[in-house]
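Colleague: In my numbering, the protein residues as written are 44 to 499.
Backbone N, C-alpha and C fix where the C-beta goes; we use that ideal spot for every residue, glycine too.
Just so you know, these numbers come straight off a predicted model, no measurement behind them.
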């Protein structure tokens with residue numbers, strides 16, 4: 044039952060035959076793969092933050108936050124990652140529980156983050172607890188809370204929501220069941236328009252009452268953290284430079300997170316408005332009695348994708364904030380990675396929309412590819428330059444106090460435009476006294492020259 048062929052054969056069949064107006068499952072597989080790759084990347088960032096200075100409680104706390112984001116990304120679209128057999132429904136139900144445990148955990152992590160930057164005595168005690176015992180007590184608390192609520196509300200399939208499962212071997216009648224053990228509330232009919240991707244299975248989750256509440260919590264936590272960190276930033280302006288850069292980065296990370304999360308909520312509300320209710324088991328492309336709106340096909344998978352993008356933005360900015368002074372060159376690498384990812388991702392999305400749009404209107408998808416691809420290739424350099432400027436605004440170059448002192452001496456020595464041997468020797472002595480390595484000195488001076496050239 045539910046044989047779809049080998050994984051490579053299946054993915055090639057679904058992705059190569061993906062059509063927005065009909066067999067769109069290939070697009071959903073691609074987005075699910077993106078969420079899994081993002082989870083791996085966030086784990087890498089988490090390790091990087093932890094290893095930058097594992098003795099700092101703040102680094103351990105942020106590392107836990109990024110790990111939580113990674114688990115949430117990995118479980119966000121796992122039910123669309125493959126053509127799962129019916130026997131996997133129990134596993135997928137557990138995956139959804141894990142996702143919402145992580146959602147609750149992130150809410151508390153967001154709310155607690157400002158305690159590491161506030162100056163009150165009680166916030167200092169709170170941050171010390173969070174970076175020590177809180178690292179294991181918080182996950183345990185969230186696990187017990189979610190499992191307890193699920194038990195009180197009638198079980199996983201009631202509180203979190205059921206999962207519908209359908210199997211189509213060919214066009215015509217199909218097979219359906221649910222994670223709760225029942226059958227689909229309609230006669231599964233496999234449309235002819237999907238014939239190019241058969242055989243296949245499709246898992247479709249619904250939203251339970253607990254799910255609908257937990258979807259909003261991380262957004263509220265991010266908004267709270269953004270507001271509080273913004274107030275703290277305003278009070279600490281003019282003090283320690285490195286601390287100020289870190290605070291601004293953390294504030295930006297939470298603002299970006301909140302904006303993207305709010306976007307996902309607006310998408311959900313739009314879908315509910317179109318459908319008249321939240322998606323149910325009846326909301327299915329293989330239900331002959333219900334026409335699934337194209338808006339649902341387009342926006343549905345973008346809901347968890349927006350969550351993934353928010354986690355990636357937060358992860359990159361927080362890693363910059365935590366590791367910029369401990370890991371040499373990490374800020375430059377993060378800026379380059381951010382620029383490349385935005386350019387590549389935007390190109391891929393525009394190319395996809397353009398080709399699909401032209402395919403639907405003129406039956407000539409290649410026209411859209413040329414219309415989007417050619418200008419981006421020709422304008423690649425100015426676009427990348429603009430993106431680099433944006434990345435520098437998001438993650439500006441940061442220096443320690445000693446590096447700022449060295450740069451002040453270097454500017455004084457270079458006032459006449461010439462660096463004598465005596466001045467070079469004095470600068471080398473100061474660099475050694477400040478503990479600045481020769482490679483870092485070379486980077487600081489080169490970056491200063493580049494910045495001065497831009498200003499001229």
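For residue 210, list the residues DSSP reports as bridge partners.
Modeller: 218 and 244.
Colleague: Going by alpha carbons, who is nearest to residue 193 out of 233, 241 and 144?
Modeller: It is 144.
Colleague: Just reading off the alpha helix (DSSP H) that residue 471 is part of, what are its end residues?
Modeller: That run of the alpha helix (DSSP H) goes 464–477.
Colleague: With a CB to CB cut of under 6 Å and the five nearest residues on each side skipped, what residues in its chain are close to residue 101?
Modeller: Cβ within range, chain order: 159.
Colleague: In the structure shown, what three-state DSSP assignment does residue 232 receive?
Modeller: Residue 232 falls in the strand class under three-state DSSP.
Colleague: With a floor of 4 residues, list each alpha helix (DSSP H) that falls wholly inside the segment 98–167, ordered by position along the chain.
Modeller: Here the runs fully enclosed are 100–119 and 132–155.
Colleague: Does DSSP put residue 457 in a helix, in a strand, or in coil?
Modeller: In this structure, residue 457 counts as coil in the three-state DSSP scheme.
Colleague: Pairs of beta-carbons, one from the segment 77–85 and one from the segment 257–269, closer than 8 Å: are there three or more?
Modeller: Too few Cβ pairs lie closer than 8 Å, so no.
Colleague: Helix, strand or coil for residue 203 per DSSP?
Modeller: Here residue 203 sits in coil by DSSP.
Colleague: DSSP three-state label for residue 57, please.
Modeller: DSSP places residue 57 in helix when its eight states are reduced to three.
Colleague: Kindly list the residues whose CB is nearer than 8 Å to the CB of residue 226, restricted to its own chain and excluding five residues on each side of it in sequence; keep chain order.
Modeller: Cβ neighbours of residue 226 beyond the five flanking positions: 219 and 220.
Colleague: Use the C-beta contact count for residue 24: other C-beta atoms within 10 angstroms, 16 or more gives buried, fewer gives exposed.
Modeller: Because the chain in this structure spans residues 44 to 499, residue 24 falls outside the shown range and cannot be described.
Colleague: Relative to the alpha-carbon of residue 92, which residue among 358, 70 and 311 has its alpha-carbon at the smallest distance?
Modeller: Minimum Cα distance to residue 92 is reached at 358.
Colleague: Could you check the C-alpha separation between residue 60 and residue 240 for me, to the nearest Å?
Modeller: Looking at the two C-alpha atoms, the distance is approximately 7 Å.
Colleague: For the alpha helix (DSSP H) that residue 255 lies in, which residues bound it at each end?
Modeller: Residues 252–257.
Colleague: For residue 325, which three-state DSSP category applies?
Modeller: If DSSP states are grouped into helix, strand and coil, residue 325 belongs with coil.
Colleague: In this structure, how does DSSP classify residue 95 when only helix, strand and coil are distinguished?
Modeller: If DSSP states are grouped into helix, strand and coil, residue 95 belongs with the helices.
Colleague: Short of 6 Å in beta carbon distance, which residues of its chain neighbour residue 323, apart from the five on each side in sequence? Order them along the chain.
Modeller: Cβ within range, chain order: 249.
Colleague: According to the Cβ coordinates, are residue 275 and residue 247 closer than 9 Å?
Modeller: No. Outside cutoff.
Colleague: For the alpha helix (DSSP H) containing residue 353, list its first residue and its last residue.
Modeller: 345–366 is the extent of the alpha helix (DSSP H) around residue 353.
Colleague: Inspect the beta-carbon positions of residue 353 and residue 300 and report whether they are closer than 9 Å.
Modeller: For residue 353 and residue 300, yes; Cβs fall inside 9 Å.
Colleague: Rounded to the nearest angstrom, how far is the Cβ of residue 251 from that of residue 204, given a contact under 8 Å?
Modeller: Right, their Cβ atoms sit about 4 Å apart.
Colleague: Taking the C-alpha atoms as reference points, what is the distance between residue 465 and residue 452?
Modeller: About 13 Å.
Colleague: Helix, strand or coil: how does DSSP classify residue 175 here?
Modeller: Residue 175: coil per DSSP, three-state reduction.
Colleague: If residue 88 sits next to residue 348, beta carbons under 8 Å apart, how far is it from one beta carbon to the other, in whole angstroms?
Modeller: Actually they are not in contact, since the Cβ atoms of residue 88 and residue 348 sit about 19 Å apart, beyond 8 Å.
Colleague: Can you list, in chain order, the residues of its chain with a C-beta nearer than 6 Å to that of residue 298? Leave out the 5 residues immediately preceding and following it.
Modeller: The residues are 269.
Colleague: When the Cβ atoms of the segment 173–181 are set against those of the segment 119–130, are three or more pairs found closer than 8 Å?
Modeller: No, the segment 173–181 does not touch the segment 119–130.
Colleague: Where does the unbroken alpha helix (DSSP H) through residue 267 begin, and where does it stop?
Modeller: Looking at the DSSP string, the run of the alpha helix (DSSP H) that includes residue 267 is 260–278.
Colleague: Look at residue 183 and residue 293 and say whether their C-beta atoms are less than 9 Å apart.
Modeller: No, the pair does not count as a contact, with Cβ atoms beyond the cut-off.
Colleague: Give every residue of the same chain whose Cβ lies closer than 6 Å to the Cβ of residue 242, excluding the five residues on either side of it in the sequence, and list them in chain order.
Modeller: Once the five neighbours on either side are set aside, the close Cβ partners of residue 242 are 47 and 212.
Colleague: Cβ of residue 127 within 9 Å of Cβ of residue 344?
Modeller: No; because the gap between Cβ atoms is not below 9 Å, this pair is not in contact.
Colleague: Which residue wins for smallest C-alpha separation from residue 505, given the options 217, 140, 57 and 449?
Modeller: Coverage of the chain is limited to positions 44 through 499, which leaves residue 505 absent and any answer about it impossible.
Colleague: Take the Cβ of residue 112 as the centre, count every other Cβ of all protein chains shown within 10 Å, and call the residue buried at 16 or more, exposed below.
Modeller: By the neighbour-count rule (16 or more Cβ atoms within 10 Å), residue 112 is buried.
Colleague: Is any beta-carbon of chain E found at less than 9 Å from that of residue 98?
Modeller: In the displayed structure, chain E is absent; only one protein chain is listed.
Colleague: Could you say which of 362, 68 and 222 lies nearest to residue 136 if we only look at CA atoms?
Modeller: Selected option, being the one with the closest Cα: 222.
Colleague: For residue 142 versus residue 115, is the C-beta distance shorter than 9 Å?
Modeller: Contact flag set, yes.
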